[in-house]
Amino acid sequence: MSTLDKIKQAIAKAINAALKQKAVKASDLIYPPKPEFGDLSLPCYGIAKLFKKSAVEMAEFLVGANGRSPVPGGVISGVKAIGPFINFTLNKQKLAQGVIGEILKIQEQYGLNRAGKNKKIMVEFAHPNTHKAFHIGHLRNILIGEAIARILTVNGFKIIRANYQGDIGPHIAKCLWGISRLEKEYQTAARAGAKARAEFLGRAYALGSQNYETSEAAKQEITALNKKIYDQDKSIIGLYRATRKWSLDYFAGIYKRLNTKFDRLYFESEVFAGGRRLVLKNLKKGIFEKSQGAVIFKGETYGLHTRVFINSEGNPTYEAKDMGLAELQFKEHNPEKIVHVVGPEQAEYFKVIIKALEIIKPETKGREIHLPYGWVKLREGKMSSRLGNVVLGEWLLDEAKKEVLKIMEDKRNLKNKGQVAEKISSAAVKYSILKSGINTDIAFSLEESISFSGASGPYLQYTYARINSVLRKSEIRNPKSETNPKSKILNSKSQISKVNCAVLVEMKEADLVNKLARYPEIVALAGKNYDPAEIAKYLFELAREFNDYYHAVPVLKARAKIRQARLALIMAVKQTLANGLELLGIETVEEM
1 MSTLDKIKQA IAKAINAALK QKAVKASDLI YPPKPEFGDL SLPCYGIAKL FKKSAVEMAE
61 FLVGANGRSP VPGGVISGVK AIGPFINFTL NKQKLAQGVI GEILKIQEQY GLNRAGKNKK
121 IMVEFAHPNT HKAFHIGHLR NILIGEAIAR ILTVNGFKII RANYQGDIGP HIAKCLWGIS
181 RLEKEYQTAA RAGAKARAEF LGRAYALGSQ NYETSEAAKQ EITALNKKIY DQDKSIIGLY
241 RATRKWSLDY FAGIYKRLNT KFDRLYFESE VFAGGRRLVL KNLKKGIFEK SQGAVIFKGE
301 TYGLHTRVFI NSEGNPTYEA KDMGLAELQF KEHNPEKIVH VVGPEQAEYF KVIIKALEII
361 KPETKGREIH LPYGWVKLRE GKMSSRLGNV VLGEWLLDEA KKEVLKIMED KRNLKNKGQV
421 AEKISSAAVK YSILKSGINT DIAFSLEESI SFSGASGPYL QYTYARINSV LRKSEIRNPK
481 SETNPKSKIL NSKSQISKVN CAVLVEMKEA DLVNKLARYP EIVALAGKNY DPAEIAKYLF
541 ELAREFNDYY HAVPVLKARA KIRQARLALI MAVKQTLANG LELLGIETVE EM
């Protein structure tokens with residue numbers, strides 16, 4: 001339990017003692033809209049309803065005529081009844097001592113909680129289909145999914161990272177048809193590296209997709225080719241397997257670059273047969289029905305829409321495959337929930353398949369969650385690999401790195417410049433995508449993403465590196481300082497306690513401590529909402545407050561005891577920044 005949680009619990013306990021019953025929870029305490037209203041506030045509406053009095057009366061009764069604090073121990077320095085609210089002002093020095101001491105003691109564990117203890121969640125994300133381009137929409141999917149997996153982990157859940165990829169179906173047939181028209185390019189790609197092969201497959205798919213829509217002859221050929229792939233026809237299966245491997249090898253490189261590892265890769269080719277079996281089995285039970293040679297689920301019965309699960313050619317559709325996928329996922333891992341990170345265009349689709357699954361397997365009810373996210377848009381509209389006008393995910397990462405290297409040209413003495421540039425450019429892309437709420441559409445700006453000021457990944461890394469620089473200078477000016485970040489002080493409760501945080505009396509110091517104190521709550525909120533933007537927003541605010549503080553308040557030139565306390569404070573900021581960046585999949589940079 002964090003320092004701030006303990007204070008909230010103490011307030012709730014004291015209020016309940018005064019009321020002689022459990023009427024208040026720590027979570028009932030809110031943050032006032034203005035600093036002059038204190039640090040914490042308790043609305044008394046619920047209590048008033050319980051005791052059949054007005055909220056104003058209850059607030060005045062609990063505070064008392066003399067404005068006494070109902071909380072012992074000096075944690076609260078002031079308490080006032082303002083209308084229906086009880087406003088609490090915290091003892092700034094005690095809060096600073098508790099928060100800074102806690103962070104420097106537990107370090108990377110700051111922010112961890114046990115909300116998900118003994119619970120397992122599968123986060124299913126990425127989903128790049130083989131034989132198609134890996135675009136920046138896929139990039140956003142991976143970054144969201146990986147961040148959510150990390151956030152849920154620190155919220156105490158056991159996480160299974162899963163990736164479900166389409167490696168069979170019409171899009172494969174379209175790509176292989178396109179390859180048959182690009183024989184020379186295919187031979188060249190076969191001798192090239194993973195990136196060139198992936199780009200070729202994207203072009204072949206775009207060609208096949210365009211012809212499928214404009215040529216009836218091509219459409220018939222692609223349809224026949226699709227059947228051959230399902231039947232594993234010898235005339236096509238060799239090319240299918242070879243090009244499938246091309247895609248998977250390329251994707252593996254992307255995952256590595258983004259520091260993402262999956263516990264399980266699922267493929268349509270391994271679930272389509274099970275999905276078809278499940279649908280046909282439940283056709284006999286009346287859950288599905290036949291219509292014009294196909295098997296459908298009549299969604300209108302449930303206020304949804306009807307969808308085809310097995311087409312008139314006898315092939316399972318995406319819907320049937322998802323039935324087979326769910327059956328396999330629950331059989332292998334039996335998670336509490338499965339979170340599917342999939343675009344918003346699939347919202348109605350997921351409503352249908354989740355409803356069908358609940359009817360077939362009632363034990364899955366409430367355990368399948370579709371988590372949609374907004375589009376990553378180009379100026380001419382959303383991306384389409386069908387038309388071929390896509391921005392490739394790796395191209396964006398490469399361009400960001402090129403621009404960062406240009407900015408770093410004068411950093412001639414910087415060690416491992418290439419590795420640092422990769423970290424900074426990766427942070428630029430990740431933060432730019434994750435800082436927006438997951439349902440928000442993004443018009444990606446490369447220039448804004450690589451900025452070293454404002455709400456950007458490089459700005460956060462710069463802030464971390466800046467604190468490192470201050471701490472290095474503190475070692476030179478005061479080599480025996482107990483705030484040496486490489487000494488055992490960080491692991492010693494007694495040593496930390498020697499730093500007297502009561503000397504931190506500046507308003508900007510109190511603001512920083514308050515911001516640090518709220519980090520565990522932000523982690524919990526991000527986990528509850530499945531939204532990394534909560535972390536991203538918090539980190540920017542923390543970095544901005546630190547930089548404002550450092551500009552206004554001397555650290556290294558302060559008197560010894562004040563210097564020690566201020567160094568401890570900025571070390572706590574550094575640790576919290578590192579913890580939060582880790583949740584976003586962003587690496588810190590020691591020097592910039």
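When we follow UniProt numbering, the leftmost residue of the sequence shown carries the number 1, and every step to the right adds one.
Note that the Cβ used here is the ideal one computed from N, Cα and C, for glycine as well.
These numbers come from a predicted model, not from an experiment.
Going by DSSP in three states, residue i sits in which element: helix, strand or coil?
{"i": "residue 171", "result": "helix"}
{"i": "residue 323", "result": "helix"}
{"i": "residue 87", "result": "strand"}
{"i": "residue 581", "result": "helix"}
{"i": "residue 38", "result": "coil"}
{"i": "residue 371", "result": "strand"}
{"i": "residue 380", "result": "Note on residue 380: pLDDT 46, under 50, position unreliable in the model; the coordinate value appears next. Three-state DSSP puts residue 380 in coil, outside helix and strand."}
{"i": "residue 358", "result": "helix"}
{"i": "residue 272", "result": "helix"}
{"i": "residue 482", "result": "With a pLDDT of 47 at residue 482, under the threshold of 50, the modelled position of that residue is not reliable, and the figure given next carries that caveat. Looking at residue 482 - three-state DSSP - the assignment turns out to be coil, as it is neither helix nor strand."}
{"i": "residue 77", "result": "strand"}
{"i": "residue 594", "result": "Because the chain spans 1 through 592 in this model, residue 594 falls outside it and cannot be assessed."}
{"i": "residue 122", "result": "strand"}
{"i": "residue 487", "result": "Confidence at residue 487 is low in this model, with a pLDDT of 43, below 50, so its placement is unreliable and no value can be given for it."}
{"i": "residue 61", "result": "helix"}
{"i": "residue 284", "result": "coil"}
{"i": "residue 458", "result": "helix"}
{"i": "residue 335", "result": "coil"}
{"i": "residue 236", "result": "helix"}
{"i": "residue 30", "result": "strand"}
Where DSSP assigns a beta bridge to residue i, which residues make up the other side?
{"i": "residue 392", "result": "135"}
{"i": "residue 267", "result": "165"}
{"i": "residue 341", "result": "371"}
{"i": "residue 219", "result": "Partner(s): none; residue 219 has no beta bridge."}
{"i": "residue 290", "result": "295"}
{"i": "residue 527", "result": "Paired residues: none, contrary to the question."}
{"i": "residue 442", "result": "376"}
{"i": "residue 43", "result": "85"}
{"i": "residue 159", "result": "121"}
{"i": "residue 470", "result": "In DSSP, residue 470 forms no bridge with anything."}
{"i": "residue 308", "result": "296"}
{"i": "residue 353", "result": "Beta-bridge pairing links residue 353 to no other residue."}
{"i": "residue 316", "result": "310"}
Should residue i and residue j be called a contact, given that it needs their Cβ atoms to be closer than 8 Å?
{"i": "residue 147", "j": "residue 584", "result": "yes"}
{"i": "residue 593", "j": "residue 207", "result": "Since the first and last residues shown for the chain are 1 and 592, residue 593 lies out of range."}
{"i": "residue 278", "j": "residue 168", "result": "no"}
{"i": "residue 110", "j": "residue 549", "result": "no"}
{"i": "residue 123", "j": "residue 517", "result": "no"}
{"i": "residue 423", "j": "residue 589", "result": "yes"}
{"i": "residue 512", "j": "residue 543", "result": "no"}
{"i": "residue 319", "j": "residue 307", "result": "yes"}
{"i": "residue 14", "j": "residue 26", "result": "no"}
{"i": "residue 174", "j": "residue 222", "result": "yes"}
{"i": "residue 586", "j": "residue 430", "result": "yes"}
{"i": "residue 155", "j": "residue 115", "result": "yes"}
{"i": "residue 178", "j": "residue 205", "result": "yes"}
{"i": "residue 342", "j": "residue 304", "result": "no"}
{"i": "residue 227", "j": "residue 313", "result": "yes"}
{"i": "residue 335", "j": "residue 132", "result": "no"}
{"i": "residue 462", "j": "residue 592", "result": "yes"}
{"i": "residue 75", "j": "residue 90", "result": "yes"}
{"i": "residue 144", "j": "residue 438", "result": "yes"}
{"i": "residue 558", "j": "residue 566", "result": "yes"}
{"i": "residue 524", "j": "residue 113", "result": "yes"}
What distance in whole Å lies between the Cβ atoms of residue j and residue i, which are believed to be in contact at a cut-off of 8 Å?
{"i": "residue 457", "j": "residue 427", "result": "3 Å"}
{"i": "residue 328", "j": "residue 271", "result": "6 Å"}
{"i": "residue 101", "j": "residue 376", "result": "No, residue 101 and residue 376 are not in contact; Cβ-Cβ is about 42 Å, not under 8 Å."}
{"i": "residue 532", "j": "residue 237", "result": "41 Å between Cβ atoms; not a contact."}
{"i": "residue 247", "j": "residue 176", "result": "Between residue 176 and residue 247 the Cβ distance is about 12 Å, and since that is not below 8 Å, they are no contact."}
{"i": "residue 128", "j": "residue 251", "result": "6 Å"}
{"i": "residue 345", "j": "residue 357", "result": "The Cβ separation is near 20 Å, so there is no contact."}
Is any heavy atom of the ligand SAH found at a distance shorter than 7 Å from the C-beta of residue i?
{"i": "residue 526", "result": "Absence of the ligand SAH from the depicted structure is noted, as is the absence of any ligand whatsoever, leaving it without description."}
Give a yes or no on whether the minimum CB-CB distance between residue i and chain C is below 8 Å.
{"i": "residue 443", "result": "Absence of chain C from the displayed structure is noted, only one protein chain being present."}
Does the pairing of the segment 435-452 with the segment 395-414 give three or more beta-carbon distances under 8 Å? Yes, since at least three Cβ pairs between the segment 435-452 and the segment 395-414 fall closer than 8 Å, the two stretches touch.
Cβ pair count under 8 Å reaching 3, the segment 552-568 against the segment 73-84: no
Check whether the segment 200-214 and the segment 161-179 are in contact - that is, three or more C-beta pairs closer than 8 Å. Touching, yes.
Measuring CB atoms only, is the segment 149-165 touching the segment 406-423, in the sense that at least three cross pairs come out at less than 8 Å? No: fewer than three Cβ pairs fall under 8 Å.
Contact the segment 557-564 vs the segment 498-505: 3+ CB pairs below 8 Å: yes
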